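For reference, the structure discussed in these notes is given below.
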Amino acid sequence: MSPESPFVRLPEAGLRELYTRMLAHFGPLDWWPGDTRFEIMVGAVLTQNTAWTNVERAIANLRNAECLNADAMRATEPETLAELIRPAGYFNVKQRRLRNLIDWVHAQGGETALTDWETHDLRNGLLSVNGVGPETADDIVLYAFDRPVFVIDAYTRRLFSRFGWIEGDESYDALRLGMEHTLGPDVALFNEYHAQIVYLGKDFCRSKPRCDGCPVNEICPHPESNRGRDAE
Numbered sequence: 000m001s002p003e004s005p006f007v008r009l010p011e012a013g014l015r016e017l018y019t020r021m022l023a024h025f026g027p028l029d030w031w032p033g034d035t036r037f038e039i040m041v042g043a044v045l046t047q048n049t050a051w052t053n054v055e056r057a058i059a060n061l062r063n064a065e066c067l068n069a070d071a072m073r074a075t076e077p078e079t080l081a082e083l084i085r086p087a088g089y090f091n092v093k094q095r096r097l098r099n100l101i102d103w104v105h106a107q108g109g110e111t112a113l114t115d116w117e118t119h120d121l122r123n124g125l126l127s128v129n130g131v132g133p134e135t136a137d138d139i140v141l142y143a144f145d146r147p148v149f150v151i152d153a154y155t156r157r158l159f160s161r162f163g164w165i166e167g168d169e170s171y172d173a174l175r176l177g178m179e180h181t182l183g184p185d186v187a188l189f190n191e192y193h194a195q196i197v198y199l200g201k202d203f204c205r206s207k208p209r210c211d212g213c214p215v216n217e218i219c220p221h222p223e224s225n226r227g228r229d230a231e
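The sequence shown begins at 0 in numbering that gives the first Met the number 0 and counts up one residue at a time.
Right, dumping it as structure tokens:
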């Protein structure tokens, strides 16, 4: 990233080849799981620092308790809400973050009112909520409000570092803007691309990579991938 550039410069051909190979392997993933905008927003908070399987259990608890809507959740006692979301971990912290988020949404006139906001204002508004960081905000902006922002997560950093596209210490926004600049504003593509990276990171591109059988092995320069090819 040059000193003059506000974003990381990424190889468009490489990004599209990576996406094509992941999509061919995993197929369309129909992400983000959630029946309503509110459920997606809740999931974005609950998934912080935990696996999605744990989030699913917490959301099932909320649904069974008829607490998966803004009015019901705002009326629920903090201790009760914390217990319902216990499977997602850090449940006391997350119940406060959920309350902060739904109180902010309520103060703005509700979810429907937010659909009229400009993307930049919506993102900044979410970032003003205590407990909502860039990744959580962008999950909500992209998946709940269908806006063209690219979500950067730990899987993205690991994958792009192994491809040699980034150093790994770039800022969140420098990477996000790099993806948006390179691929252009495309909600459907950003939605699916992020989901594909999550699945690749979960199944193959782990902290200790499982390169054997990885759908991007043939184009990945990581030493483990090369070792696998050399052995063939």
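In this text, a Cβ means the ideal position worked out from N, Cα and C, and glycines have one as well.
The structure presented is a predicted model; accordingly, all values stated were derived computationally and were not measured.
Burial is judged here by how many other beta carbons sit within 10 angstroms of a residue's own beta carbon; Q195 has at least 16 and is buried. Each residue's CA atom was taken as its position, placing F90 and F189 some 30 Å apart. Contact check for Y171 and I151: beta-carbon distance about 6 Å, within the 8 Å limit, so the pair qualifies. Contact between F144 and T114 holds: their C-beta atoms lie close to 6 Å from each other, under 8 Å. With fewer than three CB-CB distances shorter than 8 Å, the region 164 to 181 does not count as touching the region 70 to 77. Around the Cβ of A59, a 10 Å sphere holds fewer than 16 other Cβ atoms; the residue is exposed.
CA-to-CA, the gap between V215 and R122 works out to about 32 Å. Contact between the region 194 to 210 and the region 7 to 27 is present: three or more C-beta pairs spanning the two stretches fall below 8 Å.
Per DSSP, reduced to three states, the secondary structure at I196 is helical. F162 sits in coil when the DSSP states are folded into three classes, being neither helix nor strand.
T135 counts as buried, since no fewer than 16 other beta carbons sit within 10 angstroms of its beta carbon. Ranking R62, L199 and G42 by CA distance to the CA of R157 puts L199 first. Selection A187, P184 and A69 evaluated against V104 yields A69 as nearest (Cα-Cα). A residue is called buried once 16 or more other Cβ atoms fall within 10 Å of its Cβ, and Q107, having fewer, is exposed.
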